[in-house]
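Below you'll find the structure, written out as structure tokens, and then a few comments.
Residue numbers (this note's numbering): 217 to 421.
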């Protein structure tokens, strides 16, 4: 099956629509003209082993993160793909996957219990290849943020990395996310809430 590539430029009035199974969007990045940055829909059949490796290769403890957990990961992402409020993507540099991004309606996410979520808020989750070039990860995420916020019904992006994830928090700050407060999203996850607000164009008389 071929993958259709397209440089999408949604109008401000258009609403966010998930990419189709065969579509790929090329991301713009002013700071990176030498690399092709792209997003495509996550493939349950092809991407799970790689995603599992990213999540667990730094802590391969038998029994805790054994191979038997891979079916559970597939089941979890199958549920996400079947939902109508959360959309997982694979971010690539020159066709090489380096991260997984998930966009979801914040009002239907667990984070909505921790702050006053708006209808136009969208949560952003990220899993990266631990060996990926961090500057490339930064540029890809920057392009993805611009892409998601280009839709008229997406006004704010919500991120909540674990408090101890110093690297991700530094990346969010670099991209312009603003720290809000410390939250407890799940019983086992203490996180820091960050919000990125769309910059509206100035109106001149």
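Don't be surprised by glycine CBs; every beta carbon is placed ideally from N, CA and C.
I need the DSSP call for residue i, collapsed to helix, strand or coil.
i	result
residue 236	coil
residue 332	coil
residue 376	coil
residue 337	strand
residue 382	helix
residue 221	Because the pLDDT of residue 221 is 44, which lies under 50, any placement of that residue in the model is unreliable, and the number read from its coordinates should be weighed accordingly. It is a strand residue.
Could you spell out where the beta strand (DSSP E) holding residue i opens and where it closes?
i	result
residue 408	405 to 413
residue 307	302 to 309
residue 324	Unbroken run through residue 324: none, as it is neither H nor E.
residue 370	Premise fails: residue 370 is in no beta strand (DSSP E) and is neither H nor E.
Do residue j and residue i have their beta-carbon atoms positioned less than 9 Å apart in this structure?
i	j	result
residue 412	residue 383	no
residue 363	residue 410	no
residue 321	residue 302	yes
residue 356	residue 314	yes
residue 342	residue 373	no
residue 237	residue 259	yes
residue 408	residue 395	yes
residue 242	residue 235	no
residue 371	residue 337	yes
How far does the alpha helix (DSSP H) with residue i in it extend, from its first residue to its last?
i	result
residue 293	285 to 298
residue 321	Residue 321 -> not in any alpha helix (DSSP H); beta strand (DSSP E) instead, spanning 312 to 321.
residue 350	350 to 365
Can you list the beta strand (DSSP E) stretches of 3 or more residues lying completely in the region 240 to 274, in chain order?
-> 253 to 257
The region 333 to 341 contacting the region 261 to 270, beta-carbon criterion three pairs below 8 Å = no
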